[in-house]
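Undergrad: Below is the structure I would like to discuss, written out as structure tokens.
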Amino acid sequence: DQQVKQNSPSLSVQEGRISILNCDYTNSMFDYFLWYKKYPAEGPTFLISISSIKDKNEDGRFTVFLNKSAKHLSLHIVPSQPGDSAVYFCAASVTGDGNKLVFGAGTILRVKS
Amino acid sequence: EAGVAQSPRYKIIEKRQSVAFWCNPISGHATLYWYQQILGQGPKLLIQFQNNGVVDDSQLPKDRFSAERLKGVDSTLKIQPAKLEDSAVYLCASSLEPQGVGPQGTQYFGPGTRLTVL
């Protein structure tokens, strides 16, 4: 039972344009969402997070949007850079449940120069 | 600040053999996690420690997997005997606190150990 789904295995974007990565979840108890970025042969690194009390969180070129009614979140990268090419994982947790993260399968982002 | 350290980085074994992975979390991080990442999937939590106690091991296949964190710092994960389906990357992560909301609970990952079972 996949509680967190990233339905696009890969995405290719031109440098300077916007990258939009999507994530859907099924468990309505999730109230904290994170995006992690992973380069080959490295562990995932934390990118940005959002609590369910917000619908948007911004950090530089990265913005995460949360639509609770649709159980959907998205990560926007503007402008995209070649160094952003990596695997992006969406993760979710329930506050008070010991910080257990449930990850999606990831989306491979390729930014072409 | 040093990150999460893991060793070995790669391991190849034959099925039915045993293997052990080591993790040293970020200094001062009380919570330690072991994840299994199978190719094409996201990381899946195997076990979570708070200091040297187990918080959650509900997804750990206890017939063959074991983990310990005896002194509340570094940790080992063992598989005995290994099966073909155990081929995966084993990731260790640590966080300052166990609760997820906010920077105190952010999980920092090590580079992982890639296990191949033949």
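Here the protein sequences come in this chain order: A and B. Residue 92 in my numbering sits at position 92 of the first sequence, and the numbers go up by one each step. Residue 70 in my numbering sits at position 70 of the second sequence, and the numbers go up by one each step. Ideal placement from N, C-alpha and C gives every residue a C-beta, glycine not left out.
1. Considering only residues of the same chain and omitting the five flanking positions on each side of Leu124(A), which have a CB-CB separation below 6 Å?
2. Is the CB of Lys44(B) under 9 Å away from at least one CB in chain A?
3. For Leu91(B) and Gly110(B), I'd like the C-alpha separation in whole angstroms.
4. What is the DSSP secondary structure of Asp84(A), counted as helix, strand or coil?
5. Given a threshold of 16 other Cβ atoms within 10 Å of its Cβ, counted over all protein chains shown, does Asn67(A) qualify as buried or as exposed?
6. What distance in whole Å lies between the Cβ atoms of Ser75(B) and Phe49(B), which are believed to be in contact at a cut-off of 8 Å?
7. Does chain B have any CB closer than 9 Å to the CB of Thr26(A)?
8. If you draw a straight line from the C-alpha of Phe62(A) to the C-alpha of Asn27(A), how long is it?
9. Looking at the structure shown, is Asp56(B) part of a helix, part of a strand, or coil, going by DSSP?
10. Which residues share a DSSP beta bridge with Asn67(A)?
TA: Put simply:
1. This structure cannot speak to residue 124(A), because chain A is shown only from 1 to 113.
2. It does: the Cβ of Lys44(B) has a partner Cβ on chain A nearer than 9 Å.
3. A straight-line Cα-Cα distance of about 6 Å links Leu91(B) and Gly110(B).
4. Of the three classes helix, strand and coil, the one that applies to Asp84(A) here is helix, per DSSP.
5. Within a 10 Å sphere around the beta-carbon of Asn67(A) sit fewer than 16 other beta-carbons, which makes this residue exposed.
6. Indeed, because the Cβ distance is near 7 Å, the residues count as touching under 8 Å.
7. No, because no Cβ of chain B sits closer than 9 Å to the Cβ of Thr26(A).
8. Cα to Cα, the separation comes out at about 25 Å.
9. Taken through DSSP and simplified to helix, strand or coil, Asp56(B) comes out as strand.
10. Asn67(A) pairs with His72(A).
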